[in-house]
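Asks: Please read through the structure below; I'll follow up with questions.
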Amino acid sequence: MGKSPTVFPYESFHDEEDAKALKEAFKGFGSDEDAIIEIITKRSNDQRRKIGTRFKTMYGKFTKHVVDQEAAFKDAQALLQAGELLFAGTDESVFNQVMCQRNLPQLRLVFEEYEKLVGHPIETAIENEFSGTIKDALLQLIECVRDRTAYLATRLHDSMAGIGTDDRTLVRIIVSRSEIDLEDIKVAYEVKMIPQETTKKALLAIVG
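The sequence shown begins at 12 in our numbering and counts up one residue at a time.
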């Protein structure tokens, strides 16, 4: 018996319009990952194939930024088998392969599928299965995948915290994101700096 589509067919589907929308989402220095996920995950497998074919016809090639829900499920299973279900130790090579060879939208889907399988976020597995610098690196990677803007705001804060300033990190973030999402990072940074007491008062005011 064959597999059914990952989602129901989109009623107002138009492969050319979706291809144009994806092309627009891929433009510039970064990618509009939310727009990409919105299109890809709400189309059936057959519709996604049609989008891919139309994209190739219109633009000559498809893109590495597409997401595949079935592949995400398989990756989540592989990570589970290599970590929490492995009788002894952890197969770090599987984690390295998935984390380093998948694009950001795809990794987000992998993390979602993993949580569906086990009932807790993948960060819990990383905390339990890894230690030292590799654990820190994986947790930072996951943080970035989940919300790159908030992640960079945190790095920006850390670069200026304490005695002295990490000039290299500070300059790298500001220069590399200046034409992409620096304004969003600024907002996230300002939110992060709101004192906890102020936040609590604001929330209490909202709920009355």
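Built from N, CA and C at the ideal position, the CB exists for glycine as well.
All figures in this text were calculated on a predicted structure; none of them were measured in a lab.
Within its chain, find whatever has a CB closer than 6 Å to the CB of Ala46; leave out the 5 residues flanking it on each side and keep chain order.
Replies: Reading the sequence shown from its first residue, position 35 is the one you call residue 46. Cβ neighbours of Ala46 beyond the five flanking positions: Ala36.
Asks: CB-CB under 7 Å to Phe24, same chain, minus the five flanking residues each way: which ones, in chain order?
Replies: Here residue 24 refers to the residue found at position 13 when the sequence shown is read from its first residue. Hits under 7 Å: Arg54 and Gln58.
Asks: Three or more beta-carbon pairs under 8 Å between the stretch 93–110 and the stretch 56–70, yes or no?
Replies: no
Asks: Comparing alpha-carbon positions, which option in Ala87, Val105, Ile48 and Glu95 lies nearest Ala136?
Replies: One-based indexing of the sequence shown puts residue 136 at position 125. Residue Glu95 is the option with its Cα nearest to Ala136.
Asks: Considering only their Cβ atoms, is the gap separating Ile50 from Glu220 smaller than 9 Å?
Replies: The shown model of the chain, from 12 to 219, leaves out residue 220, and the question about it has no answer.
Asks: Report the rounded CA-to-CA distance for Lys31 versus Thr64, giving the unit in angstroms.
Replies: One-based indexing of the sequence shown puts residue 31 at position 20. One-based indexing of the sequence shown puts residue 64 at position 53. Roughly 12 Å between the two C-alpha positions.
Asks: Report buried or exposed for Asp26, applying the criterion of at least 16 other Cβ atoms within 10 angstroms of its Cβ.
Replies: Residue 26 sits at position 15 when you count from the first residue of the sequence shown. With at least 16 other beta carbons inside 10 angstroms of its own, Asp26 counts as buried.
Asks: When you compare only the Cα positions, how much space is there between Lys85 and Val105?
Replies: In the sequence shown, residue 85 corresponds to position 74, counting from 1. In the sequence shown, residue 105 corresponds to position 94, counting from 1. Cα to Cα, the separation comes out at about 12 Å.
Asks: Using only alpha-carbon positions, find the residue among Glu123, Asn139, Leu128 and Leu118 that is nearest to Leu152.
Replies: Taking the first residue of the sequence shown as 1, we reach residue 152 at position 141. Closest option to Leu152, Cα to Cα, is Leu118.
Asks: Out of curiosity, what's the CA-to-CA distance linking Leu91 and Asp29?
Replies: For the purposes of this step, residue 91 is identified with residue 80 of the sequence shown, where counting begins at 1. For the purposes of this step, residue 29 is identified with residue 18 of the sequence shown, where counting begins at 1. When rounded, the distance between both Cα atoms is 34 Å.
Asks: In angstroms with no decimal places, state the Cα-to-Cα distance between Tyr125 and Asp147.
Replies: On the sequence shown, residue 125 is found 114 positions in, with the first residue counted as 1. On the sequence shown, residue 147 is found 136 positions in, with the first residue counted as 1. For Tyr125 and Asp147, the distance between alpha carbons rounds to 19 Å.
Asks: To which residues of the same chain is Asp158 closer than 7 Å at the C-beta, ignoring the five residues directly before and after it?
Replies: As a first step, residue 158 must be located in the sequence shown, where it is residue number 147. Cβ neighbours of Asp158 beyond the five flanking positions: none.
Asks: Hey, quick one: how far does the alpha helix (DSSP H) through Phe122 stretch, first residue to last?
Replies: Start at 1 with the first residue of the sequence shown, and residue 122 comes out as number 111. Looking at the DSSP string, the run of the alpha helix (DSSP H) that includes Phe122 is Leu115 to Val129.
Asks: Report buried or exposed for Phe98, applying the criterion of at least 16 other Cβ atoms within 10 angstroms of its Cβ.
Replies: As a working note, residue 98 is residue 87 in the sequence shown. The residue in question, Phe98, is exposed, as its Cβ has fewer than 16 Cβ neighbours within 10 Å.
Asks: Please return the same chain residues whose Cβ sits closer than 6 Å to the Cβ of Ser142, not counting the five positions on each side in sequence.
Replies: Reading the sequence shown from its first residue, position 131 is the one you call residue 142. Contacts found: none.
Asks: Between which two residues does the alpha helix (DSSP H) holding Tyr21 run?
Replies: On the sequence shown, position 10 is the one that residue 21 refers to. Counting along the chain, Tyr21 falls outside any alpha helix (DSSP H), and DSSP gives it neither H nor E.
Asks: Could you check which residue in Gly100, Ala93 and Ile48 has the C-alpha nearest to that of Val78?
Replies: Sequence index remark: in the sequence shown, residue 78 carries index 67 (1-based). Closest option to Val78, Cα to Cα, is Ile48.
Asks: Evaluate Glu138 with the Cβ neighbour count: other Cβ atoms within 10 Å of its Cβ, from every protein chain shown; 16 or more gives buried, anything less gives exposed.
Replies: Numbered from its first residue, the sequence shown carries residue 138 at position 127. Under this definition Glu138 is an exposed residue.
Asks: Within its chain, find whatever has a CB closer than 8 Å to the CB of Thr101; leave out the 5 residues flanking it on each side and keep chain order.
Replies: Here residue 101 refers to the residue found at position 90 when the sequence shown is read from its first residue. Only Ala93, Gly94, Glu140 and Phe141 meet the Cβ criterion.
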